[in-house]
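Chains as they are written, first to last, in the numbering used here: chain Z, 1 to 225; chain P, 1 to 225.
What follows is a short report on a single structure.
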DNA sequence: TTTAATATATGATATTTGTCATAGTTTCCG
DNA sequence: CGGAAACTATGACAAATATCATATATTAAA
């Protein structure tokens, strides 16, 4: 089993602010697991009792709304921590996590990491900074949901996925989602997503190959409508 | 000028986690001001260089969307801190703050409070817990915006204001907002808010007296549509 | 490989919501 | 007090989006 001291992934998250001793302690109590595509990692309302550090792969964080439809709230990738909010507030999770690809994750039990939160202000501040960034992002999403059309929101989602997660050699978005997932990001019906993607394709803004999508005209996508 | 040691308001926010010495230092460098109704406290994109502690009154945090309309992202009241996110990330604010009533606030300069963030993990954790709560709230708002109808969102906004900020002796919501403010919370046109409020009134779900609103049938409001 | 299941696609139609126009009401100042 | 400005109200219509039906394509399973 790999150990945290040599793990490059921690440079991307708050674990980099732990002291050498703290990191060794964490490394000794963590567990690693592989999660297959489509698997539920945890469900809304569960006690997760720790934090996940993503070493490989992608997952979606969703929340079930009253009408029975899932809303995708965030995409989590290699380098991200998952579960900090529930940890910090000592609450059950408000979101479910589902793998969108095969994943490798490490799980750090709550007790160990809480110690550091109470004792290492640089670590706590680092977590705080990430959460502050998430909150700013969430504010932006709220404004977009409230004020923009479905077409604009879809264009933004595509641009976001492009800039945040990049493309493969052929220019295809590395994150591959179903039309339904896009609907659950944008907050609309699957049919609406299909229609708008068809329209974008017809207008030369994107190209598709199966589920894969390539952005062809980002300038126009940015100024939809 | 009052001092923080005797100020009851700090019990409601993270300032309660400061040590006695830290609090004295903060108390000596803070400034107090009165802000009149309607006044802009800070504007999106400004460096605010500190944190506001609300001693009295109410204000709205808004973000201007691309189409020129404001979205109300949060209501801030007595006891709340304002500006932590920008402080923590060392960024310009992403939101504007406008007083909805006469307010009394204290302003704590950035430099002083940053010291505590780096040195007092209990204080940092307290801030972190508040932000975690804000983030969970924000996730809920995202889901509601994405998945619910305007009517449902308005009903929720009314119920939220009722439960979070309470009523006066006559049962009227203590927070009094214009129809336009409600539109900017719900993310819809002012006319739609007016129509739906009229409908709610006709159906006996609310009563109104000028701008004041009283919830008459919360059970039905919770299950709209 | 063939079949079943799932995902994508598209049309027709209903519903929701936004926009524009206009009028009545309240609030705020000079 | 009186008049302007801002807010509330309502109708008519347009635009956006959801829903339902059905067809086709793609993927998974037997």
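Don't be surprised by glycine CBs; every beta carbon is placed ideally from N, CA and C.
| query | result |
| --- | --- |
| According to DSSP, is residue 134(P) helix, strand or coil? | helix |
| Determine whether the Cβ of residue 118(P) lies closer than 7 angstroms to any Cβ atom of chain Z. | yes |
| Which residues does DSSP list as the beta-bridge partners of residue 109(P)? | 50(P) |
| Count the other CB atoms, across all protein chains shown, that sit within 10 Å of the CB of residue 85(P); report buried if there are 16 or more and exposed otherwise. | buried |
| Pull up the CB-CB distance for residue 64(P) and residue 73(P), whole angstroms please, since I reckon it's below 8 angstroms. | 11 angstroms between Cβ atoms; not a contact. |
| Against chain P, with Cβ distances strictly below 7 angstroms, would residue 227(Z) count as a contact? | The requested residue 227(Z) is not part of the displayed model; chain Z covers only 1 to 225. |
| Mind the definition here: the region 113–133 of chain Z touches the region 149–161 of chain Z only if three or more C-beta pairs lie below 8 angstroms; say whether that holds. | no |
| When DSSP labels each residue in this structure, what does residue 262(Z) get in the three-state scheme? | In the structure as shown, chain Z starts at 1 and stops at 225, and residue 262(Z) therefore has no counterpart that could be examined. |
| Please name the residue, chosen from 181(Z), 176(Z), 79(Z), that lies closest to residue 106(Z) on a Cα-to-Cα basis. | 79(Z) |
| Alpha carbon to alpha carbon, what distance is there between residue 187(Z) and residue 150(Z)? | 8 angstroms |
| Who are residue 32(Z)'s beta bridge partners in DSSP? | 106(Z) |
| Please determine, among 214(P), 145(P), 146(P), 203(P), the residue with the shortest C-alpha to C-alpha distance to residue 177(P). | 214(P) |
| Would you say residue 27(P) and residue 4(P) are within 7 angstroms of each other, going by their C-beta atoms? | yes |
| Between the C-alpha atoms of residue 99(Z) and residue 45(P), what's the straight-line distance to the nearest angstrom? | 37 angstroms |
| Do you know how far the Cα of residue 130(P) is from the Cα of residue 120(Z)? | 18 angstroms |
| Can you give me the start and stop residues for the alpha helix (DSSP H) that residue 183(Z) sits inside? | 179–186 |
| If I follow the unbroken beta strand (DSSP E) through residue 41(P), where does it start and stop? | 40–42 |
| Where does residue 69(Z) sit, in a helix, a strand or coil, going by DSSP? | coil |
| Would you mind working out which of 76(Z), 142(Z), 9(Z), 97(Z) sits nearest residue 41(Z), comparing C-alpha positions? | 97(Z) |
| Mind checking which residues open and close the beta strand (DSSP E) that includes residue 213(Z)? | 212–215 |
| Could you name the residues of the region 130–142 of chain Z whose beta carbon sits closer than 7 angstroms to any beta carbon of chain P, in the order they occur along the chain? | 131, 132, 133, 134, 135, 136, 138, 139, 141, 142 |
| In chain Z, which residues lie less than 8 angstroms from residue 127(P) when you measure between Cβ atoms? | 128 |
| Run through DSSP, which three-state label would residue 150(P) get? | helix |
| By the DSSP assignment, the alpha helix (DSSP H) with residue 193(Z) in it spans what residues? | 190–202 |
| Could you tell me whether the Cβ of residue 94(Z) comes closer than 7 angstroms to any Cβ of chain P? | yes |
| Mind listing which residues of the region 60–92 of chain P have their C-beta closer than 7 angstroms to chain Z's C-betas, in chain order? | 63, 65, 67, 69, 71, 73, 85, 88, 89 |
| On the DSSP letters alone, give me the boundaries of the beta strand (DSSP E) that residue 99(Z) sits inside. | 96–99 |
| Closest to residue 145(P) by CA distance: which of 124(P), 185(P), 90(P), 170(P) is it? | 185(P) |
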